[in-house]
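Novice:
And the structure:
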């Protein structure tokens, strides 16, 4: 009789090869998933950082816009009818109007020390407080003179006596000739313990 002998060895080897291939595919798939997860996390963090930076820039811009109110308050005080509306009133310091008749001591950035350090603040004028936005505006005005009293070219910074050479004869100097220059420094404090500083110069006719 003829007997047919089954060949089990070949089938077992084929199955073993398939199992190994599936194992390799699963391993590669897991690695790909890990890479995708890491990429996703990095993308989310990058997106969050971008949002944070955009938010901070917008917040800073809002503080600067709020600071314009400090300049407006100083200008109102210096105009006729204001608490500093005459030359006589400006000859001496007036704490209630946040005004110094002499140049205030400043840091390397040119900011008055009393504005950057609350312990040095000697003015008694009220801060501008916006309860809705949680913003507080503090400003100080100092006359650019070394001495209080009458103004002179010897102890004060005065306006230009002539227009810039490149300017037209019809264009007047930005600062009136011979007028005293007043420096306005503003500190704007926000609800996130963020502070912005601004400065401007004003003069009176």
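Residue numbers (the working numbering): 3 to 207.
Ideal Cβ placement from N, Cα and C applies to all residues, glycine included.
Could you say which of 97, 155, 185 lies nearest to residue 128 if we only look at CA atoms?
Specialist: Out of 97, 155, 185, 97 has the C-alpha closest to the C-alpha of residue 128.
Novice: As a quick exercise: from 133, 188, 86, 36, pick the residue whose alpha carbon is nearest that of residue 118.
Specialist: 188
Novice: Please state whether DSSP places residue 115 in a helix, a strand or coil.
Specialist: helix
Novice: Quick one: what does DSSP say residue 105 is sitting in, helix, strand or coil?
Specialist: coil
Novice: Excluding the 5 residues preceding and the 5 following residue 79 in the sequence, name in chain order all residues of the same chain whose CB lies nearer than 6 Å to its CB.
Specialist: 85, 86, 99, listed in sequence order.
Novice: If you count every other CB in all the chains shown that lies within 10 Å of the CB of residue 135, and 16 or more means buried, which is it?
Specialist: Per the 10 Å Cβ criterion, exposed.
Novice: How many Å lie between residue 122 and residue 101 at the Cα?
Specialist: 14 Å
Novice: Answer yes if the region 102-111 comes into contact with the region 64-80, meaning at least three C-beta pairs across the two stretches below 8 Å, and no otherwise.
Specialist: no
Novice: Taking the continuous beta strand (DSSP E) assigned at residue 194, which residues delimit it?
Specialist: First-last for residue 194: undefined, no H or E at that position.
Novice: If you draw a straight line from the C-alpha of residue 206 to the C-alpha of residue 161, how long is it?
Specialist: Rounded to the nearest angstrom, the two C-alpha atoms are 10 Å apart.
Novice: Quick check on DSSP: helix, strand or coil for residue 30?
Specialist: helix
Novice: Would you mind listing the beta strand (DSSP E) stretches within the region 130-169 that are 3+ residues and don't spill past its ends, in chain order?
Specialist: Those beta strand (DSSP E) runs which fall completely within the region 130-169 and span 3+ residues are 130-132, 137-145.
Novice: Find the nearest neighbour of residue 184 within the set 193, 81, 133, 194, judged by alpha-carbon distance.
Specialist: 81
Novice: With burial defined as no fewer than 16 other Cβ atoms inside 10 Å of the residue's Cβ, what is the status of residue 194: buried or exposed?
Specialist: exposed
Novice: Report back the beta-carbon spacing between residue 202 and residue 73 to the nearest angstrom; my notes put them in contact at under 8 Å.
Specialist: 5 Å
Novice: What's the call for residue 198, buried or exposed, on a 16-neighbour Cβ count within 10 Å?
Specialist: Residue 198 counts as buried, since at least 16 other C-beta atoms from the protein chains shown sit within 10 angstroms of its C-beta.
Novice: Who are residue 188's beta bridge partners in DSSP?
Specialist: 141, 200
Novice: Would a C-beta distance cut-off of 8 Å place residue 65 and residue 137 closer than the cut-off?
Specialist: Yes, Cβ-Cβ distance for residue 65 and residue 137 is below 8 Å.
Novice: Quick one: what's got a C-beta closer than 6 Å to residue 39's C-beta in the same chain, skipping five residues either side?
Specialist: none
Novice: Which one of 83, 148, 141, 76 has the shortest CA to CA distance from residue 107?
Specialist: 148
Novice: Is DSSP giving residue 95 helix, strand or coil here?
Specialist: coil
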